[in-house]
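Q:
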Amino acid sequence: MQLSQPNLSIIAVALLLLALNFIAMLVAAPEAQGTKLIVSLLTVLFALLTVSALFRMRRFLSRLNPDWASHWTLITAGFSLWLLAEAVWGYYSVAGAMPYTTLADIFWLLGYVLMIAGFWKANQDMHLSLKLRDTLLATAFAIFALAVAAFVLLPLLSSPADPLQKFFNLAYPIGDAVIIFLTMRLAIAFATSPLGIAWSVFLLGFIIEALSDVWYAYLLLTGTYFVGHPSDFIYNSGYIFTMAGALLFESMSRAGFRPVKEPEPAERAASQLEGLLFQKKADEAISITTQVNEADADLAVLKLLTGMDKMGCVFLCLDRPHTYFLGEFGEHGINPEMVHFVTVRERAQGDHPEVSYINSPEDLTSIKIQLDQAAKRMKEKHRRVFVLIDCIPTLSLYSDLNRLGKFLHDINLSLRDKGVYQVILLPPGGAINTYVLRFCDTNLSLA
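In numbering that gives the first Met the number 0, the protein residues as written are 0 to 446.
#1: Report the three-state DSSP secondary structure of Val435 (helix, strand or coil).
#2: If I measure Cβ to Cβ from Arg346 and keep anything under 7 Å in the same chain, skipping five residues before and after, which residues do I get?
#3: Cα separation between Leu445 and Arg383?
#4: Using 8 Å as the cut-off, can you tell me whether the stretch 209-227 makes contact with the stretch 188-198, which would need three or more C-beta pairs spanning the two stretches below that distance?
#5: Which residue marks the beginning of the alpha helix (DSSP H) containing Val386, and which one marks its end?
#6: Is the stretch 232-250 close to the stretch 29-49, with three or more CB pairs under 8 Å?
#7: Helix, strand or coil for Ile333, going by three-state DSSP, please let me know.
#8: Would you list, in sequence order, the uninterrupted alpha helix (DSSP H) runs of no fewer than 4 residues that lie entirely inside the stretch 390-438?
#9: Please classify Leu436 as buried or exposed, where buried requires at least 16 other C-beta atoms within 10 Å of its C-beta.
#10: Take Thr288 as the anchor and find which of Ala84, Leu425, Arg62 and Val12 has the nearest alpha-carbon.
#11: Please give me, in chain order, every unbroken run of the beta strand (DSSP E) with length at least 3 that falls completely inside the stretch 270-331.
#12: DSSP state of Val226, grouped into three classes?
#13: Name the two residues that bound the continuous alpha helix (DSSP H) containing Thr441.
#14: Considering only their Cβ atoms, is the gap separating Val43 from Glu85 smaller than 8 Å?
#15: Tell me the DSSP bridge mates of Leu357?
#16: Straight-line CA distance for Ile206 to Pro172?
#17: Buried or exposed: Phe385, going by 16 or more other Cβ atoms within 10 Å of its Cβ?
#18: CA-CA distance, Lys165 and Leu109?
#19: Comparing alpha-carbon positions, which option in Pro427, Tyr434, Tyr397 and Ser395 lies nearest Asn411?
#20: Can you check DSSP and say which residues form a bridge with Val338?
#21: Output needed for Thr415: all residues of its chain with C-beta closer than 7 Å, excluding positions within five of it in sequence on either side, in chain order.
#22: Use the C-beta contact count for Arg402: other C-beta atoms within 10 angstroms, 16 or more gives buried, fewer gives exposed.
#23: Provide the residue span of the alpha helix (DSSP H) that contains Ala46, from first to last.
#24: Please report the Cβ distance between Asp452 and Phe45, rounded to the nearest whole angstrom; I am assuming they are in contact, meaning their Cβ atoms lie under 8 Å.
#25: What are the start and end residues of the alpha helix (DSSP H) that includes Asp462?
#26: Can you tell which of Gly326, Ser250 and Tyr224 has the C-alpha that lies nearest to the C-alpha of Leu7?
#27: Straight-line CA distance for Ile22 to Leu36?
#28: Could you check which residue in Leu325, His381 and Thr241 has the C-alpha nearest to that of Glu208?
#29: Take Val12 and list the residues in its own chain whose beta-carbon comes closer than 6 Å to its own, dropping the five residues that flank it on each side.
#30: My output table needs one value for Pro162: the three-state DSSP class, helix, strand or coil.
#31: Do you know how far the Cα of Asn64 is from the Cα of Asp318?
#32: Judging by CA-CA distance, which residue of Lys279, Leu145 and Phe150 is the nearest neighbour of Gly174?
#33: Taking buried to mean at least 16 other C-beta atoms within 10 Å of its own C-beta, is Met307 buried or exposed?
#34: Look up Met0 in the DSSP assignment and say whether it is helix, strand or coil.
#35: Would you call the CB atoms of Thr75 and Leu102 closer than 8 Å?
#36: Leu25 CB to nearest chain B CB: under 8 Å?
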């Protein structure tokens, strides 16, 4: 995947912070007071940057996906507790009086609880995308991580260290293994999406945290730990990767985020009609009673039948010039070559070749002739053809009810003889509707 400029900037910042972190490790003098201050400040700084990045990401997600925002609220709260823990731990480090257990340990453990809860809920949301194979892979990796931690730390349980200290230092790798398991499942689920990169960076950050926790616990239980040990800087790297993962997650989500656009009326109508038109073998004439704007209903029918069903169309349009519909075809993905218009002669006829003209909506005989001829020509080009009539109210202005009813019935019989389908749009409550509903094979209602 090609990374965008914002994502490259995030990676560059992360690399600079990593360089700063390891330069400090190289110049640090073990147990020096200045080293203790640098280590403490860097750890608090990186934890603060991580929490800030998570807050930023969570605020963005609150607009994009409120459910995921609630999961990240728990994770962000967990990291916030870790930030408090780092501040407490830094105080004792600089002061030089390091007790076996501190308030920092309580903050760390509570942070684990909140983070595990957040990742667990995120996994539940993704359960349909998680395969058994992926779960087994994540489980195997988490078991391997626990096995490594057990191999290193279990022999040290007989050390003279304080029992509470042993409990905390064994609890951290277990919490890391659970988070790695949950994060890996999500990273696998998002592997094929742009967010897969962000989840991979998250996962790498937690793996680094887990390695540093095991190393730190080993040093502490054997009495060989000192402030400024390389394990401190490895631990800081985990924060940097987590921060980068949060910023990448937001950046990649923002790049793919588009405000939900209200579908166009024609698109809504097409969605409602899909699967309903000409589904029965006996269907040769369909009426659609609708309150939807006639033009939108016309576009919906044309989009479905000329596009999905590849049917040629003869379109009797008397209320709007055919050029209006030609202008709308591109937006709705309708091929103009699939449509032949029968319309009233206009001053500007346009340059579309598939147009037949009548002199007046009052001339029903001329309309019938033009529809028959156009249907015959379209049958030569397309295997299946339908006639779309949307102008019943306009025709009723020029002809009485019986004359119009007879005209529509004659058209129906003529089209059936030619094997041409028919779609008639009707306004609700029209006087002519009773006539039309009697000879149509299917009668639909479109809200």
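All C-beta atoms in this analysis are idealised placements derived from N, C-alpha and C, irrespective of residue type, glycine included.
Fair warning: this is a prediction, and the values are worked out from it, not measured in the lab.
A: Once the coordinates are examined:
#1: helix
#2: Because the pLDDT at Arg346 is just 47, under 50, the model does not fix this residue reliably, and the value given afterwards should be weighed accordingly. Once the five neighbours on either side are set aside, Arg346 has no close Cβ partner at all.
#3: 24 Å
#4: no
#5: Looking at the DSSP string, Val386 is not in any alpha helix (DSSP H); the run it does join, the beta strand (DSSP E), is Val384 to Ile388.
#6: yes
#7: coil
#8: 391-397, 400-417 and 432-438
#9: exposed
#10: Leu425
#11: 284-289 and 311-315
#12: coil
#13: No alpha helix (DSSP H) contains Thr441, which is instead part of the beta strand (DSSP E) from Thr441 to Leu445.
#14: yes
#15: Residue 357 is actually Ile in this sequence, not Leu. The partner list for Ile357 (beta bridge, DSSP) reads Val343.
#16: 10 Å
#17: buried
#18: 17 Å
#19: Tyr434
#20: Cys312
#21: Here residue 415 turns out to be Arg, not Thr, going by the sequence shown. Taken in chain order, the residues that qualify are Glu283.
#22: exposed
#23: Gln32 to Leu63
#24: This structure gives no information on residue 452, because the portion of the chain shown stretches from 0 to 446.
#25: No statement about residue 462 is possible, as the shown extent of the chain runs from 0 to 446 and does not include it.
#26: Ser250
#27: 15 Å
#28: Thr241
#29: none
#30: helix
#31: 44 Å
#32: Leu145
#33: exposed
#34: At Met0, the pLDDT of 45 sits below 50, so the modelled position is not reliable; the number obtained from the coordinates is stated separately. Coil.
#35: no
#36: Chain labels in this structure do not include chain B; a single protein chain is all it has.
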